[in-house]
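Report on the following structure.
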Amino acid sequence: MTATVQRCSTADELANAAAALFCEAACEAVKARGRFCVVLPGGRTPALLFGALREAPWAEIAPWRDSHFFWSDERCVPADHAASNYGLARRELLTRVPIPAGHVHRAPTEIGAAKLAAAAWEHALREFFGAADRAPALPEFDLAILGVGADGHTASLFPRGPELNVSGHWVAAVAPTGTPPVARLTLTLPVFNHARHVMFLAAGPDKRHIVDAIAAGHDAARGDFPAARISPREQPLWLYTEAPL
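With the numbering used here, the residue at position 82 of the sequence shown is 82, and numbering never jumps.
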């Protein structure tokens with residue numbers, strides 16, 4: 001599936017475009033199903049979206065009390081650690097808008113071992129979506145917001161990583177990576193591909209070749225860039241600005 005790319009002149013333009021799409025998807029989901037289930041990413045570019053969402057007009061439009069928040073991936077660090085994706089969202093958004101505490105569904109990284117944490121997170125997700133006893137079922141996320149790395153990775157799905165081939169689980173444990181190396185948890189490709197909508201946020205000139213290849217539908221992109229393997233029910237949307245953050 002090819003992607004639609006919306007190119008933005010500035011980071012602020014990207015943030016506001018993303019906030020508008022967030023609110024549109026949220027209001028649509030609440031009207032149709034009574035709740036909005038959204039997957040949040042980590043990283044600097046999504047922080048721009050969080051900043052826009054906590055301000056007018058988006059803060060007044062979003063149906064916060066009917067929204068449930070999940071994460072695309074997480075480092076196995078404490079929730080208050082500077083590298084925590086949940087911690088970033090909590091600081092920049094979740095404590096600044098009226099979200100019920102029970103609507104925040106973070107990964108249980110305090111468990112310790114990545115494989116145990118992955119199993120616990122998957123169990124919690126299955127219980128939330130009513131699929132604890134139905135292994136083939138997939139979660140129904142209304143919107144998955146994702147970032148992309150300079151190597152084309154998204155969430156914690158890295159080029160040539162074994163997690164790309166996981167099909168029987170919703171969550172995978174990822175071997176330590178990064179500097180310093182730290183284990184991670186990630187939602188899997190089948191989960192992202194079952195989402196109703198996927199929105200990628202990308203910024204900086206180092207991402208341009210990835211965005212261009214995916215927009216053009218190049219066959220090689222699927223092999224080179226995990227982000228190109230995201231193929232949800234609706235055509236994925238990329239918001240991109242060449243402006244550096």
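A virtual CB, placed ideally from N, CA and C, is assigned to each residue, including glycine.
Check, Outcome
"Out of Tyr86, Ser9, Glu24 and Ala56, which one is the CA nearest neighbour of Ala47?", "Tyr86"
"State the DSSP-derived secondary structure class of Ile111, mapped to helix, strand or coil.", "helix"
"Tell me which residues share the same chain as Ala172 and place their Cβ nearer than 7 Å to its Cβ, disregarding the 5 neighbours each side in the sequence.", "Ala118, Glu163, Val166, Thr186 and Thr188"
"Judging by CA-CA distance, which residue of Asn16, Leu146 and His81 is the nearest neighbour of Val39?", "Leu146"
"Taking the straight line between their C-alpha atoms, what separation do you get for Gly149 and Ala101?", "31 Å"
"Go to Ile214, then tell me how far its alpha helix (DSSP H) extends in each direction, as first and last residue.", "Arg208 to Ala216"
"Considering only their Cβ atoms, is the gap separating His123 from Pro226 smaller than 8 Å?", "no"
"Quick check on Arg44: buried or exposed, where buried means 16 or more other Cβ atoms within 10 Å of its Cβ?", "exposed"
"Could you compute how far the alpha carbon of Leu239 sits from the alpha carbon of Ala25?", "15 Å"
"Once you ignore the five residues that flank His105 on each side, which residues in its own chain have a CB closer than 6 Å to its CB?", "Phe70"
"Compare the Cα-Cα distances from Ala56 to each of Ala15, Gln6 and Ala83 and report the closest residue.", "Ala15"
"Please specify which runs of the beta strand (DSSP E), each continuous and at least 3 residues long, are wholly inside the region 140 to 222, giving them in chain order.", "143 to 146, 171 to 177, 182 to 187 and 197 to 203"
"Would you say Gly34 reaches chain D, if we count a Cβ-Cβ gap shorter than 8 Å as a contact?", "The structure shown contains no chain D; it is built from a single protein chain."
"Taking the beta carbon of Leu109 as the centre, do at least 16 other beta carbons fall within 10 Å, making it buried, or is it exposed?", "Note on residue identity: the sequence assigns Thr, not Leu, to residue 109. Label assigned to Thr109: buried."
"Looking only at DSSP bridge pairs, what is Glu74 linked to?", "Leu185"
"Quick one: grab the DSSP three-state call for His68.", "strand"
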